[in-house]
Structures are given as structure tokens and as C-alpha cells.
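Heads up: the sequence lines are chains L and S, in that order.
So in the working numbering, spot 62 of the first sequence is number 62, and the numbers just go up one at a time.
Going from the second sequence to the working numbering is simple: count from 1 and add 293.
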Amino acid sequence: MLDLAQNTLDGLALGASYSLLALGFTLIFGVLRRMNLSYGPAVLFGCYCATWTHLNFQAGLIALAVVTIAATVLAGAYVERLCFAPHRRGSAVAAMVASFALWMQIEEVAMLAMPRHIYPFPQLFEGAPLQFAGLSLPGDALVMLAATAAVCVLLHRLLYRSRFGLAVRAAIDNPLAASLAGIDLARTFVLVFALASAIGGLAGYLIVASHGQVTPMLGMWSTLKGLLAMMLGGLGSLPGAVLGGLALGLIEAHSQWFFGPQARDLVAYLLLFALLAARPAWMTRWTTIRSAS
Amino acid sequence: MAALLSIQDLVTAYGKIEALKGVSLEVAEGSITCLLGPNGAGKTTLLFTTAGVLKPRSGTIRFAGKDIAGHPPHRIVRTGIALVPENRLVFPQMTVIENLRAGAYQRSGAGEIEADIDRLMQRFPRLRERAAQDAGTLSGGEQQMLAVARALMSRPKLLLMDEPSLGLAPLVVEEIFRIISDLHRDGTTILLVEQNAYMALQVAQHFYLIEQGKVTFSGDPGSLEQDEVIRRAYLGTARR
Chain L
1 MLDLAQNTLD
11 GLALGASYSL
21 LALGFTLIFG
31 VLRRMNLSYG
41 PAVLFGCYCA
51 TWTHLNFQAG
61 LIALAVVTIA
71 ATVLAGAYVE
81 RLCFAPHRRG
91 SAVAAMVASF
101 ALWMQIEEVA
111 MLAMPRHIYP
121 FPQLFEGAPL
131 QFAGLSLPGD
141 ALVMLAATAA
151 VCVLLHRLLY
161 RSRFGLAVRA
171 AIDNPLAASL
181 AGIDLARTFV
191 LVFALASAIG
201 GLAGYLIVAS
211 HGQVTPMLGM
221 WSTLKGLLAM
231 MLGGLGSLPG
241 AVLGGLALGL
251 IEAHSQWFFG
261 PQARDLVAYL
271 LLFALLAARP
281 AWMTRWTTIR
291 SAS
Chain S
294 MAALLSIQDL
304 VTAYGKIEAL
314 KGVSLEVAEG
324 SITCLLGPNG
334 AGKTTLLFTT
344 AGVLKPRSGT
354 IRFAGKDIAG
364 HPPHRIVRTG
374 IALVPENRLV
384 FPQMTVIENL
394 RAGAYQRSGA
404 GEIEADIDRL
414 MQRFPRLRER
424 AAQDAGTLSG
434 GEQQMLAVAR
444 ALMSRPKLLL
454 MDEPSLGLAP
464 LVVEEIFRII
474 SDLHRDGTTI
484 LLVEQNAYMA
494 LQVAQHFYLI
504 EQGKVTFSGD
514 PGSLEQDEVI
524 RRAYLGTARR
């Protein structure tokens, strides 16, 4: 029973990192209706920039977080200009394929600049995990949970209580009507991209800071986990992305306990497969509600 | 009266196909000017080009003395033109109030915006009843009122209306035309595209007939009544 509770706690902490990644990924998909495969590589670029800063300047934790987020936003802006701005009215597939090309480009540049590929990254907490009621929770997991909760609250406030949020939701609901209402779509999309990249950068920072190292796999891993969580959450809904991320973390934690580490990803993919086979409409539930009305 | 909107030799194309082949027309300040013509004649294209959604290939669009041809939509809204699009296009997942706030996106001054929302709710009591409801749950007629109200939130000098009566029940159509007359009385200049020529000619002071991307006839509603040819060709489709 205690194991079950401990696994659930571990799964939630893991899931919180997926939720954070998925929020950035889903924000772009939900607003632009475009899939940004370069999302993860931009996060990788941000984390490598922070690693470089750490190696050369011995920067503190907060400075590294700022560098990661800023560099991820920069890489995101590059992707937006090259892949998404030119195809805003055009083909969604063209934008996705272009973002795949930039994935390769960003990853190659990052790996050429950082030839050892795997680098240590300063950890958020070195001490012993927190203990309560027989359960243990590492400090970085606690920070991850708190950061994800904080981003959810702030994002909700931003979307529902600000002028910018009004523009974003109008653009989601009906882009043509939004531009007729006087909303500058191009500007709104750029800002959404920057916001999504900043969330991705924060997620990437917290992930590498809790692992204590950064590897070139982070790029593909981030896009993959963000996409999986978004699919579990029903493609395009922000609350769905958060729940999807948490569900993915729980599935992974429990399947690792019951079936061993090799089965961990497999079980997650099998469950997603079962969901899509049994409920194909799950994937389009948000997109069709919008186009029907 | 002076022309608030003056369009000269406007050409707009989708790829190689010219939807407007050199259209010229004027909308007098304070008037309701009506644009008639069969489906596919280019009426919506003309409104979209004026509102900046489509870029013209050539020609000029002068509004209050300034050439606005090719400007992006958000700048054109700021200069004082608002389009009520065909099929209403409200924001379905936003509340009625949020739809109205979105219409005031280019304006500043929260107090004045809220006061305008209040005034429009007096004008459209049905919207007040549904203020906190998602716009997607409104009936067709209510959505049309919301679309008009949203456009008015930008305080336009010129209102472009694309088929406001489309798909609405006869009683609702009458209500929409009553609103159009009210707006006219309050001094709003209106360029109205309407399939329902019978109703449109009752409120308009001037009309243009567009066919295959060209203006083929223009005049005052009285003159049309006498012209049997045009009556047979174009009022035949009017839903009485």
C-alpha cells in the first residue's frame, strides 16, 4: 500500500514535468493549429546554452534558469520566423515539415558547439529527500510540482483576465473574426510562440536540473513527451494537456513498478494505442467542437 | 453629401481568377448603400478587400480622404471601418461580454468600453439576458445581433454588413432590418450586401448592382422599381 502511494507520488512529480512540457507544446498547437516538432530541440538549445554559461562563468541556479528560458525563446523565435510565419495562411503540413528540418539543424548546431554531448548540470537540491508518513519526496520533485501548479494558475489568469488573453482566445475561436475585430494575428501568434517557448525553457531547466545532467536526447524526448501528453489530453486543450501529462507520469511510474523499467514506455504507448483504437474521436474532440460552431 | 468611402478601379484576384475586375463605387456619408448581385458576383470579395482581409491587385480605396488599400485589417478597424461578416462568425467559446470586449480590442479606456457595452445591451436586451453565456449557445438571430454589436464596439464611422439576414427566420429578419434603420438614424454610414433585395431596397438610399466582378448598374431604389428588366433578373430571387 505504501509502495502504491509512493509510486503515485513519484508519478505525479514525473507527470508534472510532462504537463509543463505539454503546456508549451499545446499552446502552439491550440492557437496556431500547427504542430511544432522543433519545440523540444529549442528546449535542448536553451539547456545547452545554460550548460555553456555554467562551464564558463560558474553562474548560479537562478541565472541558469534565466539563460535557459531566454535561449529557448530565442530558438523558438527562429523557428517561428522560418517555419510558421511564412505558412500562417498556408499548409499546416508544410509548417510541420519545415519544423522537422529545423529540429535537425538546431540539434546539430547544439551538438557541434558542445562536443562532449553529455554534460553535468548543477542540481537544484543535493540534500536528502523530504520524509513524511513513510513517503519520500525529493526537493526537486517538490519544485517541479509547485512550478507546474504556478504556471497553470498564471496561464489561466493571463488567458482569462488580460487583453492579450482575450486576443489569444479570440484567435483560437475564429481567426478571421479576430482580425476583423482589430486583433493583430501575426503579433498575437509571435507572442504565443514566445510564451510557449518560455514555458518549455522552464520545463527543460527543471528537468535537467533534477537529473543533474544534460544529454542530446533531451530535444527528441521533450517533443515526444509533450506530444504524448497532448494526445492523452485530447489534442489542443490546455487543461487536457496538464491532465494528460499527469496521467502519463502515473502510467510510467506504476508500470515501472509492476513490469520493470523496460516496460515503462511500452505500457504508456500501449495504453495510448488502446485509447485511440477504442475512442478515435478522442483526438479530434476539441478541434471538431470548434469547427462545428 | 460627401463620399465617406470611395473605391476606384478595384481589382482583387484569387490566384489567376479576378473576382473584382475594376470596381468603382462611392458610399455617401450617413447613407445606407446597398450592394446587390447574384452569388459569386464579388460582393463579399469587395467587403473583404475594403476591410483588409484580402489585398487588392490594383485600384484605390479612399476612406475619409486616406488611401487604405492593402492595409492590414487591424489598422483598418482603427481608422473606423468595421465588417459584420457573413454567417456572423461570433467567438463561440467566449461569453457575450467577452465577444463585445474583443470588438473594442483597438480601443483604450476601460471605463468607456464598459459604458459602450452597457449602451449596446440596452439596445439589444436579448444580449443582456445572455451576457454571461457562451456565444455559441445563442440562436442565429441573437448571434447576428451580437456580431453587429461587436462591430459597433470599435465605434466605426462605416459599417460593412455581409448578408445580415442570411438563414434567419422572417420575424428575425425584420428585427435585423429595424436595427439597420436605427443605426442609420443615429448617423452610422452603412454599406450593405444583401440577397434579400426587397428588404434592402426599402432601407437603402442608393444601390449598386455587381455582376461577374463589375458594377453593371447603379441608382436609387425608386428607379429600380421602374426598371422591369432588372426587377425580373434580380428581384426574382428575393424572399418575400
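All residues carry an ideal CB built from backbone N, CA and C; glycine is no exception.
Does DSSP put residue i in a helix, in a strand, or in coil?
i	result
Arg355(S)	strand
Met111(L)	helix
Thr481(S)	coil
Tyr18(L)	helix
Pro120(L)	strand
Leu206(L)	helix
Gln488(S)	coil
Thr215(L)	coil
Asp173(L)	helix
Phe417(S)	coil
Gln58(L)	coil
Asp360(S)	strand
Leu275(L)	helix
Leu37(L)	coil
Ile183(L)	coil
Leu347(S)	coil
Leu461(S)	coil
Leu329(S)	strand
Ser91(L)	coil
Arg412(S)	helix
Phe25(L)	helix
Met446(S)	coil
Val67(L)	helix
Tyr398(S)	coil
Ala167(L)	helix
Val383(S)	coil
Glu366(S)	Before going further, note that residue 366(S) is Pro rather than Glu in the sequence given. If DSSP states are grouped into helix, strand and coil, Pro366(S) belongs with the helices.
Based on the DSSP secondary-structure assignment, which residues constitute the bridge partners of residue i?
i	result
Glu319(S)	Ser299(S)
Ser511(S)	Tyr501(S)
Ala375(S)	Leu452(S)
Asp427(S)	Thr388(S)
Glu291(S)	Since the displayed chain S opens at 294 and closes at 533, residue 291(S) lies outside it and no answer follows.
Ser136(L)	Gln131(L)
Leu297(L)	Outside the displayed range of chain L (1 to 293) lies residue 297(L), so it cannot be described from this structure.
For a contact meaning CB atoms closer than 9 Å, what does residue i contact in chain L?
i	result
His364(S)	Ordered by position in chain L, no residue passes the 9 Å Cβ test against His364(S), which lies about 12 Å from the chain.
Ser447(S)	Ala181 and Gly182
His499(S)	Here the premise fails: no neighbours, minimum Cβ distance about 25 Å.
Measure the CB-CB distance between residue i and residue j and report whether it falls below 8 Å.
i	j	result
Ser197(L)	Leu124(L)	no
Gly40(L)	Gly245(L)	no
Ala424(S)	Met438(S)	no
Arg88(L)	Ala186(L)	yes
Thr148(L)	Ala16(L)	yes
Arg394(S)	Leu14(L)	no
Phe500(S)	Gly515(S)	no
Gln458(S)	Glu422(S)	Rather than Gln, the amino acid found at residue 458(S) in this sequence is Ser. No. Outside cutoff.
Thr53(L)	Leu64(L)	yes
Thr343(S)	Ile390(S)	no
Ala397(S)	Asp411(S)	no
Ile28(L)	Phe193(L)	yes
Leu293(S)	Leu347(S)	Residue 293(S) is absent from the structure shown; chain S starts at 294 and stops at 533.
Leu37(L)	Met96(L)	yes
Met454(S)	Arg169(L)	no
Ala362(S)	Pro349(S)	yes
Met206(L)	Met144(L)	According to the sequence shown, residue 206(L) is Leu rather than Met. It is a contact, given that the beta carbons lie within the stated cut-off.
Ile503(S)	Gly330(S)	yes
Ile300(S)	Ile354(S)	yes
Gln505(S)	Ala334(S)	yes
Give the residues of chain S in contact with residue i, contact being defined as C-beta atoms less than 9 Å apart.
i	result
Arg169(L)	Phe384, Gln386, Met387, Glu391 and Ala395
Leu112(L)	Per Cβ cutoff of 9 Å: no residues; Leu112(L) is ~40 Å from chain S at best.
Leu166(L)	Met387, Glu391, Arg394, Ala395 and Tyr398
Find the residues of chain L that neighbour residue i, judging by a C-beta separation of less than 8 Å, and give them in chain order.
i	result
Val370(S)	Leu180, Ala181 and Gly182
Pro378(S)	Leu176, Ala177 and Leu180
Who are the neighbours of residue i on chain L, taking C-beta pairs under 7 Å?
i	result
Arg443(S)	Ala181
His477(S)	Residues of chain L passing the Cβ test: none, with the nearest at roughly 21 Å.
Which residues of chain B have a Cβ atom closer than 8 Å to the Cβ of residue i, listed in chain order?
i	result
Ala344(S)	Going by chain labels, chain B is absent from the structure shown, which instead holds the protein chains L and S.
Output, in chain order, the set of chain S residues within a Cβ distance shorter than 8 Å of residue i.
i	result
Asp265(L)	Near Asp265(L) there are no residues of chain S at all, since even the closest Cβ is about 35 Å away, more than 8 Å.
Asp3(L)	None at all; the shortest Cβ gap to chain S is about 43 Å.
Applying a beta-carbon distance threshold of less than 7 Å, which residues of chain S neighbour residue i?
i	result
Asp173(L)	Phe384, Pro385, Gln386 and Met387
message = If we require 4 or more residues per run, which alpha helix (DSSP H) segments fall completely within the region 226-265 of chain L?
response = Within the region 226-265 of chain L, the runs of alpha helix (DSSP H) that reach at least 4 residues and sit entirely inside it are, in chain order, 238-259.
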